[in-house]
Amino acid sequence: MQKRLLLLSAFVLFSIVWLLNRIALTFYLYWTTSWYDIPVHFLAGMAFGVFIVWILNLQTRTKRSFLTVFLLATTTGITWEVFEYIIGDTFAIEGHLLDTISDLLMDAVGATSAYLVATSRSQESF
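For the sequence shown, this note's numbering begins at 16 and goes up steadily by one.
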């Protein structure tokens, strides 16, 4: 993908995640709708994945570039989950361990999807 398109895509994805989060907090969706955070975490993983591809200017798929994007995006997700734990809003409460694992899985799947899409074409093909 073209570098400008990658940045725009990351911005749009981050904006969607922000909007979904605001809606969830306003209407208590994280607490009343068990599945709501699944697409939010997937999109957040995608946003971070695209942003990392943009920062690193990755154009072709290699094991090393995939691992870099995957680890940076999932580390961001893990950091967020640790933050939630510190403020008392996560797996310390019964039943939230599965939710935390699901969140991290969705972050990883989103980042992987972003990497595959963002590196599917080189800049020359646009």
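For glycine and all other residues, C-beta sits at the position ideal for the given N, C-alpha and C. The structure presented is a predicted model; accordingly, all values stated were derived computationally and were not measured.
When only Cα atoms are considered, Leu-28 and Leu-120 end up about 18 angstroms apart. The continuous stretches of alpha helix (DSSP H) do not include Ser-49, and DSSP gives it neither H nor E. For the pair Phe-66 and Thr-91, the Cα-to-Cα distance works out to about 12 angstroms. The beta-carbon distance between Met-61 and Ser-128, rounded to whole angstroms, is 6 angstroms. This is short enough to meet the 8 angstroms contact definition. When the alpha-carbon of Ser-135 is set against those of Phe-85, Leu-35, Thr-75, Val-55, the nearest one is in Thr-75. By the Cβ test, the region 81 to 97 is not in contact with the region 18 to 36, since fewer than three Cβ pairs between them sit closer than 8 angstroms. Taking a contact as a CB-CB distance under 8 angstroms, the pair Ala-133 and Phe-63 does not count as one, their CB atoms being some 12 angstroms apart.
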